[in-house]
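What follows is a single structure, written as structure tokens, with notes after it.
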Amino acid sequence: VGARVAYDLDGVVPFISVLGEFDLSKEDTVAVAASQTTPDDDDFGLRVGAGATFNFGPGFSGRIEGQSVLLRENFTEHKALLKFRGEF
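Mapping the sequence shown onto my numbering, position 34 (from 1) lands on 34, and the numbers just tick up by one.
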């Protein structure tokens, strides 16, 4: 579940985004004895991002965006996206 908020500034559309994620593919943690410590096993995370979409003309656009995953103790992800699109 997430949301993106954007504002059109005559061809440039800056935006921010927030997305809640739940990791279904991660394996269960290994059971240990009561006296041993275990690493945090977070399944839920929050992906936040910011960027802008650029409209260069009819049928041509581009997007630049950065994203990071927050609220997970044993997982780190940072991502940069650069996309161009053309319709002929």
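Even for Gly, the Cβ is constructed at its ideal location relative to N, Cα and C. Keep in mind the model is a prediction, meaning the values are calculated, not measured.
| Check | Outcome |
| --- | --- |
| Paired residues, beta bridge with R72 - DSSP | Its beta-bridge partners do not exist; DSSP assigns none. |
| Spatial neighbours of P14 in its chain, beta-carbon cut-off 6 angstroms, leaving aside the 5 residues before and after | A52 |
| Of the residues T76, G62 and G49, the one placed nearest V5, counting alpha carbons only | G49 |
| Proximity to E65 [Cα-Cα], best of F56, R47, R72 and P58 | R47 |
| Closest by C-alpha distance to A3, when choosing among I16, V12 and D10 | I16 |
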